[in-house]
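Heads up: the sequence shown is residues 0 to 238, going by numbering that gives the first Met the number 0. Don't be surprised by glycine CBs; every beta carbon is placed ideally from N, CA and C.
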Amino acid sequence: MTDPKTILLVDDEPRYLRLMEVNLQTEGYRVMSAADGQQAVESVAASQPDLILLDVMMPVMDGFTACSRIREFSTVPIIMVTAKGEERDRVRGLDAGADDYIVKPFSAQELLARVRAVLRRAEHHESGAFHRPVFRHGELELDLAKAEVTCAGKPVMLTATEYRLLQTLASAAGRMLTPEELLTTVWGPEYRDDKEILWVCLSRLRQKIEPDPKNPTHILTRQGLGYYMPAETDAATAG
């Protein structure tokens, strides 16, 4: 029997904290809580939860800042929980390093579905499931047995979602994947039309693995069609 996953809830509204806590505990998750971003950063450093549900508008330190701080030392999956549904706020959260977002008010079913989906991606990251042990393209190396990524010999810290996206593209190297294919494979079928979350994650991933993110060589775009990575055998000529 596996140990229950630990989820850190971060929200300054007791009503939402209690609502999320009850629903998650009913599903068998272990729950911790924090009332502001600073407490969240300290809790992650001390206890290493499996997932964070992070509110945006909080005293002391807001969720965007807390997410950025946590990303300085941890790849723990983060779902932003916010009352703001505007595009710029969703993009800001994803840019800060969040893996997903959910907008208040939400149902218990939606909350649990998002949690399960993000935890599945994290577990896939840890398992390193792939048909080849190592993928190389130029100075980029993806070691699937260890679930590690290096560029020019230096380790690259990716979130579970970023890793899953890179893994999916590498597994289809030489073949273009449509946005719908990537969204369905990496995030799940319910995200098939959420191109915004794909664009932001791709941008973040390129910032981490491309020598020049504005002129990428590892993850290429075929305008209006999709994205692809050159095959390993094309590494010497890709540009």
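Helix, strand or coil for residue i per DSSP?
i           : result
residue 220 : strand
residue 9   : strand
residue 226 : strand
residue 106 : coil
residue 1   : coil
residue 63  : helix
residue 169 : helix
residue 73  : coil
residue 33  : strand
residue 92  : helix
residue 188 : helix
Given a cut-off of 9 Å on the beta-carbon distance, is the pair residue i and residue j in contact?
i           : j           : result
residue 75  : residue 43  : yes
residue 164 : residue 139 : no
residue 62  : residue 36  : yes
residue 212 : residue 221 : no
residue 119 : residue 187 : yes
Should residue i go down as buried or exposed, given a rule of 16 or more other Cβ atoms within 10 Å for buried?
i           : result
residue 189 : exposed
residue 223 : exposed
residue 21  : exposed
residue 134 : buried
What does the alpha-carbon distance come out to for the pair residue i and residue j?
i           : j           : result
residue 16  : residue 161 : 28 Å
residue 192 : residue 96  : 21 Å
residue 153 : residue 99  : 27 Å
residue 11  : residue 210 : 40 Å
residue 110 : residue 207 : 30 Å
residue 227 : residue 13  : 45 Å
residue 168 : residue 155 : 17 Å
residue 307 : residue 122 : Residue coverage of the chain in this structure runs from 0 to 238, which leaves residue 307 outside it and unanswerable.
residue 9   : residue 117 : 17 Å
residue 142 : residue 230 : 16 Å
residue 184 : residue 158 : 16 Å
residue 18  : residue 25  : 11 Å
Spell out the partners DSSP gives residue i in its beta bridges.
i           : result
residue 79  : 53, 100
residue 175 : DSSP lists no partner for residue 175.
residue 155 : 148
residue 140 : 135, 149
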